[in-house]
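All remarks here apply to the structure that follows.
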Amino acid sequence: MKVAWGITGSGDKLKATLEAMKAVQESYGDELETEVFLSKAGEQVSKYYNVLDDLRESFRKVWVEKNANSPFLAGRLQLGEFVLLLVAPATSNTVAKLAYGIADTMLTSGAIQAMKTMTPVYIMPVDYREGTTVTVLPDGRELQLRVRKEDAENVAKLAVMEGITAIENPEEIMDVFTERLGDPQAL
């Protein structure tokens, strides 16, 4: 089984998401091949948070966006190469584009194409719920941020779209895989 994991330009929850995906990969072993797709900003933030080398060491294929169709994630999703697409963490920019059907990046184009071909899409927006949140900066300091009402409304819009499921935290990622692919111990 192959899955596509998209990473946008958010550092919030990035390290925890990486750890969750490494746990998924370890649990499923050779039964699962995870290909990582970094947006341009995702690559930049992965470097800034010092996780790019870990990504490359932990996953066989790590692709970096050159433009909306390179690498051609949308086409591979259309052809049924992946059993699901996970976009985590997802910036408010990516969420807004998906909420309004804008497919002008590798990951938004891929997600919209996946929904059209009934490939399940899971998205973990960093701005999930209106209010305040605390993120950890690359140097370990904490930063309090306000999640705007508009960003939370876009998440709510995604949550009711057919073919897309919003999750709030990296801790939910293993459940996504267990639900979609079955118990790794039973494979």
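Here the sequence shown is numbered in my numbering, starting from -16 and rising by one per residue.
Where is the CB? At the ideal position from N, CA and C, for every residue including glycine.
Mapping DSSP to helix, strand and coil, what is residue i?
i, result
"G(-6)", "coil"
"T17", "strand"
"K49", "coil"
"E125", "strand"
"A(-13)", "strand"
"V34", "coil"
"V117", "strand"
"V172", "Residue 172 cannot be examined here, being either before or after the span of the chain that is shown, -16 to 170."
"G63", "coil"
"D158", "helix"
"V143", "coil"
"R112", "coil"
"Y83", "coil"
"P153", "helix"
Restricting to Cα atoms, I'd like to know which of the options is closest to residue i.
i, options, result
"G25", "E125, L38, E14 and G114", "L38"
"L(-3)", "M157, R43, S22 and A71", "A71"
"L69", "D36, E14, G146 and G123", "G146"
"V34", "K(-15), L56, L60 and G(-8)", "G(-8)"
"G(-11)", "K5, L21, V159 and E9", "L21"
"P54", "S92, L81 and T74", "S92"
"V117", "G(-6), M157 and A139", "G(-6)"
Quickly, what does DSSP pair residue i with across the bridge? List them, please.
i, result
"Y105", "L69 and T148"
"K44", "E18"
Hey, residue i and residue j are a contact pair by Cβ (cut 8 angstroms); roughly how many whole angstroms apart?
i, j, result
"M107", "I150", "5 angstroms"
Between the region 41 to 56 and the region 14 to 33, are three or more C-beta pairs nearer than 8 angstroms? yes
Evaluate the contact criterion for the region 97 to 106 versus the region 60 to 75: three or more CB pairs, one atom per stretch, below 8 angstroms. yes
Should the region 79 to 92 be called in touch with the region 121 to 128, which here means at least 3 C-beta pairs below 8 angstroms? no
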